[in-house]
Amino acid sequence: MNWGGQEYRTLREHNYLNSNGHKSWIMCHPDSGFFKKAKELGYGNIVAMDFSKSWKLNVAIKVLRFCRQQKIDIINSHGSRDSLLCLLSFIYGIPLIRSRHVTSPIKKHISYQYGCSHVIATAKAIKEILVNIGVDESRVTVIGGSVDLNKFNPYNSSDYLRKEFNIKKHDKIVVNIGMIRSDKGQKYYIEAAREVLKRNKDVKFFLIGEGTGNKKLEIELRDMINTYGMSESFFMTGYRDDVASFIHLSDFTVVASVGVEAQSQIVPQTFATKRTVVSTNVGGLTELVQDGANGLVVPPKDAKAMSSAIIRLIEDENMRNKLQENAYMMAVNNLSFEHLMDKMINLYCRFIPKPKKC
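Every position in the sequence shown, counted from 1, becomes a number in the numbering used here once 4 is added.
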């Protein structure tokens with residue numbers, strides 16, 4: 005129901021397909037952040053569908069009817085509810101690809117073994133989980149993170165942000181970006197910032213994103229910042245559309261996740277901007293962030309280790325330059341969005357019935 009990295013990736017794929025000779029539709033709940041964001045941005049082919057319950061026969065029939073009317077060749081589902089509601093269409097012969105974006109334990113492995121045509125894992129760590137619960141390795145393809153190199157690059161402008169937040173020329177900038185949730189580890193990021201500021205007052209910390217629901221955690225984090233007396237050095241901006249500019253503003257970004265994380269969108273976006281990353285080693289993050297090569301890796305829930313890594317990057321400019329150069333080359337050579345979509349379309353083509361042209 006929220007707007008986050010998974011939804012952002014899916015909407016980009018949808019846009020790419022429709023811009024490159026294919027036809028794509030998105031079905032999502034009309035009250036979801038995804039539906040509202042897609043409409044706000046002017047995207048077409050967005051279909052309202054009530055996916056609030058795991059099984060409603062009338063919804064499953066609506067999905068099947070739509071697929072037949074539009075002559076849909078393939079369905080890509082992104083969660084357990086929509087996968088189950090697309091099962092009727094799968095039974096009636098429409099290939100169903102399941103995309104899994106999180107590294108949390110899987111409760112209903114039978115649906116991955118028999119209830120779909122294939123599985124897309126957005127990280128190798130997710131594929132390992134699937135194989136360990138009995139899913140045949142040949143039924144899982146890893147298609148990881150990517151970045152729009154036109155939007156995220158070293159040539160973006162961030163001067164207006166320096167004015168907006170009164171940032172001095174000698175200030176160092178550290179940025180954390182993501183929906184405010186307990187599994188994103190923002191609490192440890194704030195604790196790490198507190199330790200860094202004891203040593204260096206010329207560091208400005210940003211937390212870009214907003215909470216969901218009652219925003220209880222967001223309120224708690226704001227209270228932490230005020231209690232620690234960091235309000236002049238630590239900025240919680242809420243949701244921002246100008247993520248590319250904030251990454252460009254930064255000296256490096258921090259991914260503080262402690263729970264379910266595949267390959268954070270922020271990592272390839274940071275790399276493409278020619279910045280490096282301090283990342284925890286949860287989920288599939290270290291499939292991209294290689295400690296000492298293109299970033300620094302720390303244990304989750306360890307504010308002390310995170311603060312030490314931040315201080316290292318602030319104080320060692322040569323190391324920071326080396327890491328960000330390597331990160332940039334990885335983004336340019338391996339993480340372009342076009343590269344991801346080539347893999348995606350090739351996979352789709354494997355399941356489109358012959359002799360129909362792909």
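Quick reminder that beta carbons are idealized off the backbone N, C-alpha and C, glycines included.
Compute the Euclidean distance between the alpha carbons of residue i and residue j, then round it to the nearest angstrom.
i: Ile-315; j: Met-323; result: 12 Å
i: Ala-52; j: Val-67; result: 11 Å
i: Leu-89; j: Ala-313; result: 45 Å
i: Leu-351; j: Ile-133; result: 21 Å
i: Gln-267; j: Leu-221; result: 23 Å
i: Glu-236; j: Arg-226; result: 12 Å
i: Thr-216; j: Ile-223; result: 11 Å
i: Cys-71; j: Phe-39; result: 19 Å
i: Gly-46; j: Glu-195; result: 40 Å
i: Pro-158; j: Val-179; result: 16 Å
i: Val-106; j: Ile-95; result: 26 Å
i: Gln-74; j: Ile-349; result: 19 Å
i: Gln-190; j: Val-264; result: 14 Å
i: Gln-269; j: Lys-43; result: 22 Å
To which residues of the same chain is residue i closer than 6 Å at the C-beta, ignoring the five residues directly before and after it?
i: Asp-86; result: Phe-55
i: Ile-212; result: Ile-181, Thr-241, Arg-244, Phe-250
i: Leu-339; result: Ser-150, Val-151, Pro-272
i: Thr-274; result: Ile-251, Thr-257, Val-281
i: Met-345; result: Tyr-20
i: Asn-6; result: Gly-37, Thr-216
When the distance is taken between beta carbons, is residue j closer than 9 Å to residue i?
i: Leu-153; j: Asp-246; result: no
i: Glu-17; j: Lys-128; result: no
i: Ile-101; j: Phe-355; result: yes
i: Val-302; j: Thr-284; result: yes
i: Ser-58; j: Ser-84; result: yes
i: Gly-8; j: Met-228; result: no
i: Tyr-116; j: Ile-147; result: no
i: Thr-280; j: Leu-327; result: yes
i: Leu-289; j: Val-259; result: yes
i: His-33; j: Ser-161; result: no
i: His-82; j: Thr-145; result: no
i: Phe-156; j: Ile-177; result: no
i: Glu-199; j: Ser-36; result: no
i: Lys-208; j: Asp-175; result: yes
i: Ile-318; j: Asn-170; result: no
i: Lys-363; j: Glu-321; result: Lying outside 5 to 362, the shown extent of the chain, residue 363 is not represented and no answer is given.
i: Asp-206; j: Lys-172; result: yes
i: Ala-371; j: Val-336; result: In the structure displayed, the chain extends from 5 to 362; residue 371 sits before or after that span and is not available.
Can you give me the Cβ contacts of residue i inside the same chain, cut-off strictly under 7 Å, excluding the 5 residues immediately before and after it?
i: Ile-76; result: Ile-98
i: Gly-299; result: Thr-280, Val-281, Val-282, Ser-283, Val-293, Leu-327, Ala-331
i: Tyr-232; result: Arg-198
i: Ile-130; result: Arg-104, Thr-107, Ala-266, Gly-288
i: Ser-186; result: Leu-221
i: Ala-309; result: Val-302, Pro-303
From the DSSP output, in three-state form, read off residue i for me.
i: Val-139; result: coil
i: His-252; result: helix
i: Met-31; result: strand
i: Gly-9; result: helix
i: Phe-55; result: coil
i: Asn-322; result: helix
i: Arg-244; result: coil
i: Ala-125; result: strand
i: Arg-226; result: helix
i: Ser-161; result: coil
i: Asp-295; result: strand
i: Ile-171; result: coil
i: Phe-156; result: coil
i: Asn-80; result: strand
i: Arg-102; result: strand
i: Ile-349; result: helix
i: Leu-61; result: helix
Quick one: using the 10 Å Cβ neighbour count with 16 as the cut-off for buried, is residue i buried or exposed?
i: Met-334; result: buried
i: Gly-149; result: buried
i: Glu-11; result: buried
i: Gly-25; result: exposed
i: Pro-304; result: buried
i: Ile-114; result: exposed
i: Leu-61; result: exposed
i: Tyr-193; result: buried
i: Asn-230; result: exposed
i: Ser-142; result: exposed
i: Asn-325; result: exposed
i: Arg-69; result: exposed
i: Cys-120; result: buried
i: Asn-218; result: exposed
i: Asp-255; result: buried
i: Gly-296; result: exposed
i: Lys-188; result: buried
i: Asn-80; result: buried
i: Ile-65; result: exposed
For residue i, collect the residues of the same chain with a Cβ closer than 8 Å to its Cβ; drop the 5 residues on either side in sequence, then sort them by chain order.
i: Asn-49; result: His-18, Asn-22, Lys-27, Ser-28, Trp-29, Ile-30
i: Lys-112; result: Ser-84
Is any beta-carbon of chain C found at less than 9 Å from that of residue i?
i: Glu-199; result: You won't find chain C in this structure, because it holds only one protein chain.
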